[in-house]
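For reference, the structure discussed in these notes is given below.
In mature numbering (1 follows the signal peptide of the UniProt record, and there is no 0), the protein residues as written are -22 to -1, 1 to 376.
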């Protein structure tokens, strides 16, 4: 039996070698994939590297991190709100996706939801006729230069709504709001489901499978984030740090949303994982998630260290930049973001792999290192370990 498989391998090797040598310019069908594979949306997400979180709401005006749900909507009045400024700042920082907290744990909605009056409709901002989500989406479209997409965060834990704690009623409410956000505002590229809830939260079962199914029905190409995916997973901490080795694969059957016993597993992934579920590393540019007058942005060296431990470890860095109570991103944060982008561009301005030399059994093979996407390697004879070939693929055609 061993001889049989040896002959099969040798014949396959020789056939591939002849194919690669005799027809070097031919477009070839790629070899069989090693499963699991990313979807097109997951692949595009992975290539983003650096994306932005925007924590904004009543907490911005109360100097708190976790609202009680008892805040009076009248405190929300960002008189100078300019979402175009947010997008311009993001573009200059090399951001390709911005995720806004449409509703945080306090239950206050940044859009005029039909299902609650605990929203901008009850605030003095824009005389009760404002819609932060709409202005945000519009700014992304008009000032993003085509290179920035929008994402939304909708907190499952709601400390305000009386339906919370009543499974059927609250899940219907949540589904209704989710439908509003995904039908009223156009394309959304990531939807964020936060698994956190405080110890004081009322007992509540979330119908995640129903939520996810509706998201897929309304916007099939969206990436769904939660502790357990199904498209993007949490990295297991809020420091923006992935494991020294962080695999995009994991066994999702071992995960559940809100389960804090698997943080280490989330942090590293699993080389033998059966699901493609890459990690997103969330961290704030400041100490808190919401803007506080007393806080300052992290030092450049800290941000670079986080970048190395997230993007440098096969993940995407989700950097929170909270707008202030005026409705603008603060100048100190803008300055640090510009420094951060300049440092990244400078540090990685030289492609160290492009002209490197690789030795295989004392023979040089310059083509081993190929940083060209949508190509594959086919083994050849005479000491060469491979030649890069164009492959037939639909990836990138959408």
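Virtual Cβ for every residue (Gly too), placed ideally from N, Cα, C.
For clarity, every value in this text was computed on a predicted model and none was experimentally measured.
- The beta carbons of residue 180 and residue 263 sit no closer together than 8 Å.
- Taking one beta carbon from each stretch, the region 41 to 48 and the region 268 to 281 have 3 or more pairs nearer than 8 Å; the two touch.
- Nearest in C-alpha terms to residue 80, of all of 253, 233 and 171, is 171.
- For residue 150, no beta strand (DSSP E) run applies; the uninterrupted alpha helix (DSSP H) run containing it begins and ends at 145 to 162, by DSSP.
- Assignment of residue 191 by DSSP, reduced to helix, strand and coil, places it in the helix class.
- For residue 215, the three-state secondary structure derived from DSSP is coil.
- A straight-line Cα-Cα distance of about 12 Å links residue 105 and residue 51.
- For residue 79, the uninterrupted beta strand (DSSP E) segment begins and ends at 75 to 81.
- Ranked by Cα distance from residue 101, the options 112, 122 and 35 are led by 35.
- The closest CA to that of residue 31, considering only 78, 159, 176 and 62, is found on 78.
- For residue 294, DSSP records a beta bridge to 258.
- Residue pairing by DSSP places residue 131 opposite 79 and 170 in a beta bridge.
- Rounded to the nearest whole angstrom, the C-alpha separation of residue 245 and residue 282 is 19 Å.
- Taking residue 199 as reference, the option from 308, 67, 16 and 132 with the minimal CA-CA separation is 16.
- Closest by C-alpha distance to residue 152, out of 115, 176, 188 and 165, is 188.
- Within the same chain, and ignoring the five residues on either side of residue 232 in sequence, the residues whose Cβ sits closer than 8 Å to its Cβ are 240 and 243.
- Taking 8 Å as the cut-off, the beta carbon of residue 89 is found closer than this to the beta carbon of residue 109.
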